[in-house]
Every structure is written in C-alpha cells, then in structure tokens.
Amino acid sequence: MASPTIRLRRLGSELQRLRKDAEYSGAQLAKAIGTSQTKLSSVEGARRKLSSGELEKAIRALRVPDTKARELRLLLEESNQLGWWEEYSDVLPDTIEMLAGLEDAASWVRRYDEAFIPALLQTPEYARAVVHAAAPYQRSGDMPRLVEFRMERQRRLRDSTFRFTSLINEGALRRQVGGREVMAAQLDQLLRLDHS
Numbered sequence: 001m002a003s004p005t006i007r008l009r010r011l012g013s014e015l016q017r018l019r020k021d022a023e024y025s026g027a028q029l030a031k032a033i034g035t036s037q038t039k040l041s042s043v044e045g046a047r048r049k050l051s052s053g054e055l056e057k058a059i060r061a062l063r064v065p066d067t068k069a070r071e072l073r074l075l076l077e078e079s080n081q082l083g084w085w086e087e088y089s090d091v092l093p094d095t096i097e098m099l100a101g102l103e104d105a106a107s108w109v110r111r112y113d114e115a116f117i118p119a120l121l122q123t124p125e126y127a128r129a130v131v132h133a134a135a136p137y138q139r140s141g142d143m144p145r146l147v148e149f150r151m152e153r154q155r156r157l158r159d160s161t162f163r164f165t166s167l168i169n170e171g172a173l174r175r176q177v178g179g180r181e182v183m184a185a186q187l188d189q190l191l192r193l194d195h196s
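Take the sequence shown: its position 109, counted from the start at 1, is 109 in UniProt numbering, and no numbers get skipped.
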C-alpha cells in the first residue's frame, strides 16, 4: 500500500487529468463541486484532500466512467490509512520512509548498487552487518527493528505484479560484509532469488 502522500498525489494528478480531458477549467470544476479554485488547485497538487462528497460531485461533473470512479474513491479512502513502514518511523529517517512508500507504490523498481547488496535482496545477517556499519551510532535497541524493516520490504518481491531489476557492482559482490559465512549465505540467497 502506498503512503497517504503518494495516494493523494495520484488522486490529485488523476483528477487534474480528468478535468483537462473534460475541458473544464479549475474555476469551472471548483464551482461544480462547491469549493474554491484555490482548494481545488491544492487538491490537484496533493496539498489538501477532497471530502468524499466533493469527490462524488467531481465524478458526476466530469462524467468519470465507473471503473475510474471506483479507483478515485479507493485512492481517497486509502489516503487515510498508514503504510506498513510507518510503524518503523521512530527508527527511520524521513527519506527512507519516503523510499519505502515509493517502492510500495511502484510496479517496477530498477536500481544500481555500487557498495552493497540491495536491501530487497539481503539476508537478515547481511542486513544486520550493513546497518551496523552504516549507522554505528544507532541505539542498540533500534538495530533489530531496522533489520526487521529491511526484511519487511522484501515482501514486495513475492507480489507477482511487482518487478525488481538490480545491477550490482562486482565490488559489492566481493566485499566481505559481516564475515565470510555471512557473505557466503548472502551470495547463496542471490543465486536462489535469481532462479526463482
């Protein structure tokens, strides 16, 4: 599930696209749904939310097809729900939370990794070693939660609608992170994932 912000962005951009396709100005649609043009602009820019009543009026005014209308209603409903990663917000930087939200909303992630195996492919032991090396100042009690967060991100790999492509620098494959046994297990996992 994407973050509330991402869902609001999708809802706003979709509403704007539908408005333009229907050849409505912002002022015309705002009047049709009983709000100000300023608020509508903020909704389209994902800075404010529409009420469900306002959304229904927009759907009617723009003559939105049923399938698309259901999608818009779902986006509005889901914008009130938290993403799974938000339970880790006490130990994660905002940038990582945003990354998790974007990743969760994506259908395909492509990345290049220079220094480490990507978090979506890490074993728990490798993740622990990376987290410890990258943030030795972390409170020791946060370490298990940071590793758990990385493992939770991997659920996305089991989603048949999600594609993940990673190009890993040879140096990251040769670097002994966490020791010889940890690295051997990590390389075994990469082979298993490549064949699944």
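Glycine included, C-beta positions come from ideal geometry on N, C-alpha and C.
Whole angstroms is fine: what's the gap from residue i's alpha carbon to residue j's?
i	j	result
Ile96	Arg174	26 Å
Ala184	Glu78	41 Å
Pro124	Val147	6 Å
residue 197	Leu74	Residue 197 cannot be examined here, being either before or after the span of the chain that is shown, 1 to 196.
Asp28	Thr67	One detail in the question is off: residue 28 reads as Gln in this sequence, not Asp. Taking the straight line joining both Cα atoms gives about 24 Å.
Ala61	Glu71	17 Å
Gln81	Leu99	17 Å
residue 197	Thr5	No answer is possible for residue 197: the residues shown for the chain start at 1 and end at 196.
Gln186	Leu157	16 Å
Asp159	Ala105	12 Å
Ala69	Leu15	10 Å
Glu86	Ser52	25 Å
Can you tell me which of the three DSSP states residue i falls into?
i	result
Thr165	strand
Asp113	strand
Taking all protein chains shown into account, do 16 or more other C-beta atoms lie within 10 angstroms of the C-beta of residue i, making it buried, or fewer, making it exposed?
i	result
Ser196	exposed
Glu170	exposed
Gly101	buried
Thr38	exposed
Gln176	exposed
Glu54	buried
Arg180	exposed
Arg150	buried
Arg139	exposed
Arg19	buried
Going by alpha carbons, who is nearest to residue i out of the options?
i	options	result
Asp90	Ser13, Asp142, Ser25	Asp142
Arg17	Ser36, Val43, Thr38	Val43
Gln154	Ala134, Ala135, Gln176, Trp84	Trp84
Glu152	Glu103, Glu56, Lys39, Ala32	Glu103
Ile168	Leu120, Pro65, Leu50	Leu120
Ala115	Glu23, Ala133, Ala106	Ala133
Val130	Arg192, Ser140, Ile117	Ile117
Pro144	Ser25, Ala172, Leu92	Leu92
Return yes when the C-beta of residue i is under 6 Å from any heavy atom of the ligand MG, and no when it is not.
i	result
Thr165	Questions concerning the ligand MG fall outside what the structure shown contains, since it holds no ligand whatsoever.
*Specify whether the segment 161-172 and the segment 105-119 touch according to this definition: at least 3 beta carbon pairs, one from each stretch, less than 8 Å apart.*
Flag = yes, the segment 161-172 and the segment 105-119 touch.
*Tell me, please, whether the segment 45-55 touches the segment 5-19 by the rule of three or more beta-carbon pairs shorter than 8 Å.*
The segment 45-55 is in contact with the segment 5-19.
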